[in-house]
Each structure stands twice: as C-alpha cells, then as structure tokens.
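All residue numbers for the sequence shown refer to numbering that gives the first Met the number 0, where the first residue is 0 and numbers rise by one. Idealized CB from N, CA, C, for every residue including glycine. Heads up: the structure comes next, in structure tokens.
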Amino acid sequence: MSEELNKRANPVHIKSEERDARRFPEWRDLVLVFYPYLAKGKLINISIGGVLGKFPGNGPLPEMGQDVVVKLELGNKGRVLEIGGSVIRIQPAGIPDTREYLELAVKFGQLSPEKKQGVRNIVSSLMRRAMFKR
C-alpha cells in the first residue's frame, strides 16, 4: 500500500514548505485509526480545525479523503481524545523527498463542545511547554 501511496502522493514542491512546520518543541504521539489499520506517528501541529502528523512511509497509511479517527493522549493521565476527520493532504516530510516519512493532514469533522475543549487543552498545554523551553 505504501508504494501505491508514494506513486499517488506527488505533491507540488513549494519553496516555503522547506521550513520546519513543527509548532511545538516536543513530539507527542498521534494515532490514526482507519479500518482495519492504525498508523502511529508524531504530532506536528494541531488546531480546532485539524491536525498534522508525521508518519513512517513504509507502514499502512490512509488515503486522501479517507475517514479516520485521530487519537491523542490528554496529558499524563492516560486519557485519550478521539476525533473523527478526513485526510486532506499527504506530502513528504522533509527535503530531500525520501518518502521515509510522510506528513498527513486531517481535517476534523463536527466537534462537540467537549472535544473542542479537549483540543484547546492540548494546544494550551503544548504552548505553555514551548514557552518554558525557549
């Protein structure tokens, strides 16, 4: 499936995307669930609208437009936030384009007030940590 994905996901190279898109100075685990698979990666960026993650290019990955469930750990209490969404972008992670890792962007579906608050809590927590690491 990854070879097939690599052939399909030929993004247009945009010079401004050579920057490190990571918003936070730490990596947090991110899981995408898509039947019957799951992909384990690292969080790059998150907002109320969606999430961007970095995943190994050699594992099973969802396709463009595919519905997924995003799983993010809430702090250190072992609680997990699960949010449904759709894959809206797949691109190589890094320059040069080795396809060793791929970045996947997921647009969240409708969020309940509780899930919105969960996303806000994650962003707030990561922003606080980012301020202390500077």
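query: Just mark Ile-47 as buried or exposed, buried being the case when its beta carbon has 16 or more other beta carbons within 10 Å.; result: exposed
query: Per the DSSP calculation, Tyr-34 is bridged to which residue(s)?; result: Looking at the DSSP assignment, Tyr-34 forms no beta bridge with any residue, so it has no partner.
query: By how many angstroms is the C-alpha of Leu-73 removed from the C-alpha of Gln-116?; result: 11 Å
query: If you follow the beta strand (DSSP E) that Gly-83 is part of, which residue opens it and which one closes it?; result: 78-91
query: Going by the DSSP bridge assignment, what does Leu-29 pair with across the sheet?; result: Gly-40 and Leu-71
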